[in-house]
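Engineer:
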Amino acid sequence: MTKWLEENTPKLVLAPSFVAVLIFVYGFIAWTAWVSLTRSRLLPKYEIDGFIQYDRLFSSPRWDTAFSNLFVFGFLFIVIAMVLGLILAILLDQNIRTEGAIRTIYLYPMALSMIVTGTAWKWILNPGLGLEATVRGWGFENFTFDWLVNPDMAIYTVVIAAIWQSSGFVMALFLAGLRSVDTEIIRAAQVDGIPTWRVYTAIIIPAMAPIFLSAFIVLSHLAIKSFDLVIALTGGGPGYATDLPATYMYAMAFSRGDIGQAASSAMIMMLVVFAIIVPYLYSELRSKDG
Amino acid sequence: MADMSYTPTQTGSSAGKIALRWGLYIMLGLFALFYLMPLFVMVTTSFKSLEEIRTGDLISLPREFTFDAWQTAWSGACTGIQCEGVRPYFWNSVLIAIPAVLLSTLIGALNGYVVAQWRFKGANLFFALMLFGCFIPFQVVLLPMARMLGLMGLAGTIPGLIFVHVIYGLGFTTLFFRNYYVSIPAELTKAAKVDGAGFFRIFWSIFLPLSLPIIVVTIIWQFTQIWNDFLFGVSFSQAGTQPVTVALNNIVNSTTGIKAYNVDMAAAIIAALPTLFVYVVAGKYFVRGLTAGSVKG
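Line by line, the protein sequences give chains A and B. Numbering-wise (the working numbering), the first sequence opens with residue 324 and increments by one. Numbering-wise (the working numbering), the second sequence opens with residue 1403 and increments by one.
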């Protein structure tokens, strides 16, 4: 008995986590998938009834806005955060004496809750007393910056706040990447008289391809999960103008009492995540085993 | 990387070089202003009176420093019908974060130790399943978790929130420790086994003493995640058990009365202080967790 116990201790230690993951991750995903195929409303029903929830979802104008916002927001957020992060990393990589302090300043927003970020930017961007009023007070009477309350532009305020929060982190990733590029090659290129910008575009940046991929994965993951920021900054408004799939799902689940819609929208979110992450994980795990 | 600014290719005059250097520092400084501006605005706004906010502008310093907004934010601001400020919710967050961080770190350490050092058939499958769990959007588990917490009698309670944070934190904590322990040579475990040490003995006297850096990284990562969480907090809490992020959002978006921006900002800073403090004190570990945690997740 004690021998058996001794031999199986590792398995016994792992067992509770294993069971927890099976139930709370995979079992729950299965539950949500199942319910997304039923006519559940306020209470879950378990008779499968085809793709009716998905039909409802994709014919809902609110979901339409939320889903296209995801792509507008995600695209701008990812591209701008990566470009900005790369520029900051290159600027910081020029033997800056105060590098540590500057890096701390660029990165601190990442330590904040999205709710704090949203609250701060909501105040800054409010047209009545914020940036707009301030610039007008400086004598630019016609200055207008009302994106926060303009349904066509409000989603871009979410982009601004999200970039402010995350670009320093992309910078940190890229900076680590820049420092890992083989200095021998760079020195050789310099000796050959290749101009600095060419060294970057032809040697350093291509060598950082895996970091671009990581940054892309992280940022797209952040974009899809974005929920708190929208809630704090715009509340999804004006109207539904800044809804994202995450806020749509939450509204259906907890304020509209429409479990079927909540489940189907959550499944679509998961499919979007999987479309990005499965190929990445697959290649990662393969390259590690091989 | 080598210092690119003094390469033989840049044959410009030294005056040009100095100008370039100045340009570089000015750009870096402008970016620093961009990142600091919201914090500056938050701090200055929180010390102004409402009167001054209405008449002044965003970036001016307060003419008269007042702590009224801080006082209100801490113990008087309304989150809906209750007007107790963020104080009770701040303590809720503490009560949620401390046990959840410790438990998920401890379990993650044991899991990582098994997966990295006691390989058995299925251990890798377990790890892959775990890793995958890091990536799911939590929306996909919200509905069943709400029901499950109800069944367990934990709906709307602080233990319920601790439970949720431990469960969904395990993926990352296991990952952190596994990746750390995998670089420790397996011979060490083997030799200890030959000497008659058991599973827990080896963990306790060999692995734990080696683990300080990864423990710090994991604790900081988990603390930041859990303190800053909003989704679980807003989904699984009720009036008295909400974490500080939820209370902050309620204060800011409560529609009653006039908008007290100074109180909003003071409440936001209070909610942000613990993680900011951790970042300032242990920034190095924070960044390490971010890059490690993010390269996969």
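C-beta: ideal position from N, C-alpha, C; glycine also.
Between which two residues does the alpha helix (DSSP H) harbouring Tyr-1437 (chain B) extend?
Structural biologist: 1416–1448
Engineer: Please tell me whether Thr-1559 (chain B) has its Cβ less than 8 Å away from any Cβ of chain A.
Structural biologist: no
Engineer: Give me the residue from B:Gly-1482, B:Val-1488 and B:Ile-1483 with the minimum Cα distance to Trp-1476 (chain B).
Structural biologist: Residue B:Val-1488 is the option with its Cα nearest to Trp-1476 (chain B).
Engineer: Output the distance between the C-alpha atoms of Ile-1586 (chain B) and Leu-1612 (chain B), rounded to the nearest integer angstrom.
Structural biologist: Straight across, the Cα-Cα distance linking Ile-1586 (chain B) with Leu-1612 (chain B) is about 9 Å.
Engineer: Select from the segment 375–408 of chain A all residues with a C-beta closer than 9 Å to any C-beta belonging to chain B, and list them in chain order.
Structural biologist: Residues Leu-407.
Engineer: Would you verify that the beta carbon of Asp-1405 (chain B) is, or is not, closer than 8 Å to some beta carbon of chain A?
Structural biologist: Residue placement at Asp-1405 (chain B) is flagged as unreliable, the pLDDT there being 45, under the threshold of 50; the coordinate-derived value follows with that caveat. Taking Cβ atoms only, chain A reaches closer than 8 Å to Asp-1405 (chain B), which makes this a yes.
Engineer: Against chain A, with Cβ distances strictly below 8 Å, would Ser-1416 (chain B) count as a contact?
Structural biologist: no
Engineer: Thr-557 (chain A) CB to nearest chain B CB: under 8 Å?
Structural biologist: no
Engineer: Looking at the C-beta of Pro-450 (chain A), does it have a partner C-beta in chain B at a distance below 8 Å?
Structural biologist: no
Engineer: Three-state secondary structure (DSSP) at Ser-1477 (chain B)?
Structural biologist: In the structure shown, Ser-1477 (chain B) falls within a helical segment according to DSSP collapsed to helix, strand and coil.
Engineer: Please report the straight-line C-alpha distance between Tyr-1583 (chain B) and Arg-609 (chain A), rounded to a whole angstrom.
Structural biologist: 20 Å
Engineer: Express the C-alpha separation of Val-522 (chain A) and Thr-427 (chain A) in angstroms, rounding to a whole number.
Structural biologist: 27 Å
Engineer: List the DSSP bridge partners of Ser-1656 (chain B).
Structural biologist: Paired residue(s): none; Ser-1656 (chain B) is not in a bridge.
Engineer: What residue range is occupied by the uninterrupted alpha helix (DSSP H) comprising Pro-384 (chain A)?
Structural biologist: 384–415
Engineer: I'd like to know whether the C-beta of Gly-453 (chain A) is nearer than 8 Å to at least one C-beta of chain B.
Structural biologist: yes
Engineer: Along chain B, in chain order, which residues have C-beta atoms closer than 8 Å to that of Gly-640 (chain A)?
Structural biologist: Because chain A in this structure spans residues 324 to 613, residue 640 (chain A) falls outside the shown range and cannot be described.
Engineer: Return the first residue and the last residue of the alpha helix (DSSP H) that Trp-446 (chain A) is part of.
Structural biologist: Taken as a continuous stretch (DSSP letters only), the alpha helix (DSSP H) holding Trp-446 (chain A) covers 437–448.
Engineer: Please return the same chain residues whose Cβ sits closer than 6 Å to the Cβ of Ser-1451 (chain B), not counting the five positions on each side in sequence.
Structural biologist: Thr-1468
Engineer: Cutting at 7 Å between CB atoms, please list the residues of its own chain near Gly-1535 (chain B), excluding the five before and the five after it.
Structural biologist: Scanning its chain for C-beta atoms nearer than 7 Å, with the 5 sequence neighbours on each side dropped, one finds around Gly-1535 (chain B) the residues Gly-1573, in chain order.
Engineer: Check whether the Cβ atoms of Phe-1579 (chain B) and Tyr-1515 (chain B) sit closer than 8 Å, and answer yes or no.
Structural biologist: Yes; because the gap between Cβ atoms is below 8 Å, this pair is in contact.
Engineer: CA-CA distance, Trp-357 (chain A) and Tyr-563 (chain A)?
Structural biologist: 28 Å
Engineer: Excluding sequence positions up to five away, which residues of its chain have a Cβ less than 7 Å from the Cβ of Pro-1464 (chain B)?
Structural biologist: Thr-1446, Phe-1449, Lys-1450 and Glu-1454
Engineer: So, helix, strand or coil for Gly-580 (chain A), using DSSP?
Structural biologist: coil
Engineer: Ordered along the chain, which non-local residues of its own chain (more than five positions away) have a Cβ less than 6 Å from that of Arg-1525 (chain B)?
Structural biologist: Checking the sequence, you will find Ala at residue 1525 (chain B) rather than Arg. Closer than 6 Å at the Cβ level, and outside the excluded window around Ala-1525 (chain B), lie Val-1517.
Engineer: Looking at C-alpha atoms only, which residue of A:Tyr-431, A:Val-402 and A:Ala-574 is the closest neighbour of Val-1689 (chain B)?
Structural biologist: Nearest option by C-alpha distance: A:Tyr-431.
Engineer: Between Phe-351 (chain A) and chain B, is there a C-beta pair that is closer than 8 Å?
Structural biologist: yes
Engineer: Comparing the C-beta of Trp-1520 (chain B) with each C-beta of chain A, is any distance below 8 Å?
Structural biologist: Answer yes: the Cβ-Cβ gap between Trp-1520 (chain B) and chain A drops below 8 Å somewhere.
Engineer: Between which two residues does the alpha helix (DSSP H) containing Thr-421 (chain A) stretch?
Structural biologist: Where Thr-421 (chain A) is concerned, there is no enclosing alpha helix (DSSP H), given that its DSSP letter is neither H nor E.
Engineer: Tell me, which residues are paired with Gln-1624 (chain B) by DSSP?
Structural biologist: In the DSSP output, where bridge partners are listed per residue, Gln-1624 (chain B) has none listed.
Engineer: Determine, for Val-1665 (chain B), whether the minimum Cβ-Cβ distance to residues of chain A falls below 8 Å.
Structural biologist: no
Engineer: So what does DSSP say about Ser-1607 (chain B), is it helix, strand or coil?
Structural biologist: helix
Engineer: For Ser-1639 (chain B), name the three-state secondary structure that DSSP assigns.
Structural biologist: strand
Engineer: Apart from the five residues just before and just after Ala-1588 (chain B), which ones in its own chain have a Cβ nearer than 7 Å to its Cβ?
Structural biologist: Gln-1519
Engineer: From the beta carbon of Met-433 (chain A), is the nearest beta carbon of chain B less than 8 Å away?
Structural biologist: yes
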